[in-house]
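Chains as they are written, first to last, in this note's numbering: chain A, 12 to 350; chain B, 72 to 366. Accompanying notes for the structure given below.
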């Protein structure tokens with residue numbers, strides 16, 4: 012078990028190194044003068060020269076590479092060519108907003124997709140199963156940025172049920188302590204702030220979930236189908252275990268194995284989906300930061316965001332793998348056998 | 072030598088793949104509709120620009136933001152351009168581009184997979200590790216990074232998407248190839264002295280291509296959505312390009328007064344993604360190795 016944990020850690024470290032290397036290579040593929048791009052459009056020739064020295068672009072590429080690794084590991088991603096502030100600080104300011112959005116999105120996805128998958132599996136081939144599958148196919152094909160615009164238009168503008176932009180209404184924002192508006196509202200026990208924060212997040216979170224509900228529900232359905240056809244289920248049924256208990260305890264538990272992996276992957280995908288959704292709803296997250304940086308030709312800020320999202324992605328998939336080993340005896344056995 | 076003249080298994084070709092797919096017995100209605108739609112979309116994405124009733128780039132402030140009418144079936148945008156004409160003109164930029172991305176990513180993926188499967192263990196490991204690194208970034212984020220490095224244009228979106236989409240294909244194909252290389256018929260060919268390269272090109276690869284086609288057909292739908300997402304973010308072809316993602320972006324600010332500018336391109340993307348998604352799924356079911364083995 013320890014060896015599995017160590018191996019998984021090693022794997023994560025390798026992936027992080029790989030992502031850093033990839034981002035470094037991308038930054039050196041910028042056409043034209045890299046220092047001029049990093050210094051920004053308004054930089055004077057002297058500033059560009061200074062940037063060239065700061066970035067070490069006058070030194071051999073191998074030195075630049077190790078320099079980059081050292082800087083990235085200490086959190087120095089350079090400064091924005093547009094705002095001239097530290098890229099890591101800018102990302103740190105907006106990351107909580109994205110994580111909050113993604114967590115709410117994950118919650119909605121799980122709450123909707125798992126029951127849908129179970130119901131579909133238990134009614135395999137019947138009208139209910141077909142209806143759910145058609146629904147999932149439909150929903151899986153909608154581009155989330157378009158869904159976001161439509162939701163905002165229909166439920167925000169026409170019906171006026173939800174606010175259409177930003178994190179909080181004017182004057183309803185909780186004091187900024189953690190950066191997570193929901194958590195901050197809870198910390199200060201302010202119900203009005205909480206309601207305001209949540210209502211600003213509902214539409215973006217729903218828009219974000221569309222393709223992931225589809226993937227997850229289909230995964231639960233097929234796992235559940237396999238599980239319900241296995242011998243131990245037949246045995247449990249013939250033993251007289253109540254149907255509800257068979258489904259929830261015997262079927263679902265084993266079906267959720269690979270589902271957990273998918274949920275972990277979806278966390279990373281949702282962070283990238285947030286790029287599209289945050290732009291529409293005017294949320295200040297890493298997605299809208301990336302979009303802003305792209306519009307402003309702030310290439311190094313974009314690459315910094317890519318790196319941070321890569322770190323988040325690698326980290327969550329490691330956590331999920333470890334959690335799966337703790338929760339699923341089959342994985343534990345397989346890993347124990349190997350090591 | 073007999074083995075060389077008459078392979079144990081029939082070689083799979085694209086024509087065999089297509090005919091098996093098209094003349095399959097299990098054929099639900101919804102799949103027929105999806106296949107018809109995909110056919111229509113592919114035709115439109117080639118001849119669409121010539122079918123446009125109006126000039127998709129002709130700016131006319133006098134008819135700006137007109138709702139759908141007999142003259143402009145899907146209305147006009149903020150500069151008076153006909154939305155339907157722009158949809159038709161944008162079809163190649165969205166669908167044809169998404170399909171070519173998948174073709175490009177598949178070719179590169181298969182090439183890398185073949186090299187890995189042919190190589191000695193250490194090189195194979197190294198290649199797969201590099202593939203894994205690409206997989207440790209969400210594809211949209213990777214593509215955004217690449218487009219930020221290159222200048223915004225249709226070709227940089229295509230390059231970025233190919234860079235983001237080849238790794239899954241490479242990994243799956245390499246695993247299939249490795250498995251095929253240890254199967255009995257390849258082993259027996261090896262025993263009679265067929266070279267490794269020939270084993271790969273004549274025996275293993277042709278018998279693995281079905282899975283590759285299935286994978287590719289299932290990727291098109293996601294590729295269309297991703298393509299339009301990148302264009303929506305403004306990293307694609309610069310204005311006045313009529314690709315569907317940019318059309319949605321440009322209509323965004325007029326959504327309360329002129330909903331048709333954003334609504335119709337989004338519907339077009341959804342329908343295209345659905346149709347290609349259903350077709351991909353149908354192709355997977357028909358060519359499922361599990362059901363083919365029992366054939």
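Beta carbons are placed, not taken as given, at the ideal position from N, Cα and C, and that holds for glycine.
Chain A within 7 Å of residue i, Cβ atoms only
| i | result |
| --- | --- |
| residue 335 of chain B | no |
| residue 259 of chain B | no |
| residue 209 of chain B | yes |
| residue 172 of chain B | no |
| residue 130 of chain B | no |
| residue 303 of chain B | yes |
Counted within 10 angstroms of its Cβ, other Cβ atoms place residue i as buried (16 or more) or exposed
| i | result |
| --- | --- |
| residue 229 of chain A | buried |
| residue 44 of chain A | exposed |
| residue 172 of chain A | exposed |
| residue 95 of chain A | exposed |
| residue 245 of chain B | buried |
| residue 220 of chain B | buried |
| residue 205 of chain B | buried |
| residue 360 of chain A | Nothing can be reported for residue 360 of chain A: it is not among the residues displayed for chain A, which extend from 12 to 350. |
| residue 148 of chain B | buried |
| residue 40 of chain A | exposed |
| residue 79 of chain A | buried |
| residue 110 of chain B | exposed |
| residue 72 of chain B | Legend: pLDDT at residue 72 of chain B = 38, less than 50; position of this residue unreliable, no value from coordinates given. |
| residue 178 of chain A | buried |
| residue 332 of chain A | buried |
| residue 249 of chain A | exposed |
| residue 303 of chain A | buried |
| residue 202 of chain A | exposed |
Alpha-carbon to alpha-carbon, residue j and residue i
| i | j | result |
| --- | --- | --- |
| residue 68 of chain A | residue 290 of chain B | 39 Å |
| residue 344 of chain B | residue 153 of chain A | 8 Å |
| residue 145 of chain A | residue 301 of chain B | 27 Å |
| residue 337 of chain A | residue 193 of chain B | 32 Å |
| residue 356 of chain B | residue 284 of chain B | 12 Å |
| residue 19 of chain A | residue 12 of chain A | 11 Å |
| residue 306 of chain A | residue 312 of chain A | 11 Å |
| residue 320 of chain B | residue 219 of chain A | 17 Å |
| residue 254 of chain B | residue 279 of chain B | 12 Å |
| residue 206 of chain A | residue 298 of chain A | 24 Å |
| residue 245 of chain A | residue 203 of chain B | 40 Å |
| residue 176 of chain B | residue 186 of chain A | 48 Å |
| residue 142 of chain A | residue 132 of chain A | 12 Å |
| residue 208 of chain A | residue 107 of chain A | 13 Å |
| residue 180 of chain B | residue 105 of chain B | 27 Å |
| residue 259 of chain A | residue 126 of chain A | 11 Å |
| residue 309 of chain A | residue 328 of chain B | 33 Å |
| residue 77 of chain B | residue 258 of chain B | Low local confidence applies: a pLDDT of 38 at residue 77 of chain B is under 50, so the model's placement there is unreliable, and no value is given. |
| residue 93 of chain A | residue 340 of chain B | 34 Å |
| residue 265 of chain A | residue 353 of chain B | 28 Å |
| residue 135 of chain A | residue 236 of chain A | 8 Å |
| residue 303 of chain B | residue 293 of chain A | 15 Å |
CB contact check: residue i to chain B, cutoff 7 Å
| i | result |
| --- | --- |
| residue 313 of chain A | yes |
| residue 261 of chain A | no |
| residue 30 of chain A | yes |
| residue 35 of chain A | no |
| residue 273 of chain A | no |
| residue 279 of chain A | yes |
| residue 172 of chain A | no |
| residue 337 of chain A | no |
| residue 269 of chain A | no |
| residue 40 of chain A | yes |
| residue 26 of chain A | yes |
| residue 214 of chain A | no |
| residue 287 of chain A | yes |
| residue 241 of chain A | no |
| residue 95 of chain A | no |
Bridge partner(s) assigned by DSSP for residue i
| i | result |
| --- | --- |
| residue 97 of chain A | A/90 |
| residue 147 of chain B | B/153 |
Residue i: CB within 6 Å of a non-hydrogen atom of the ligand NAD
| i | result |
| --- | --- |
| residue 307 of chain B | Judged by which ligands are present, the structure shown has none, so any question about the ligand NAD falls away. |
Return the residues of the segment 304-335 of chain A that lie within a Cβ-Cβ distance of less than 7 Å from chain B, sorted by chain order. 305, 306, 310, 313, 314, 317, 320, 321, 324 and 325
Check distances from the C-beta atoms of the segment 281-300 of chain B to those of chain A and list, in chain order, the residues that come in under 7 Å. 292, 296, 299 and 300
Closer than 9 Å, Cβ to any Cβ of chain B: which residues of the segment 135-161 of chain A, in chain order? 145, 148, 149, 151, 152, 153, 154, 155, 156, 157, 158, 160 and 161
Mind listing which residues of the segment 215-241 of chain B have their C-beta closer than 9 Å to chain A's C-betas, in chain order? 215, 216, 217, 218, 219, 220, 221, 222 and 223
When Cβ atoms are compared, which residues of the segment 310-330 of chain B fall closer than 7 Å to chain A? 319, 323, 326, 327 and 330
For the segment 190-210 of chain B, list every residue whose C-beta sits within 8 Å of some C-beta in chain A, in sequence order. 200, 201, 203, 204, 205, 207, 208, 209 and 210
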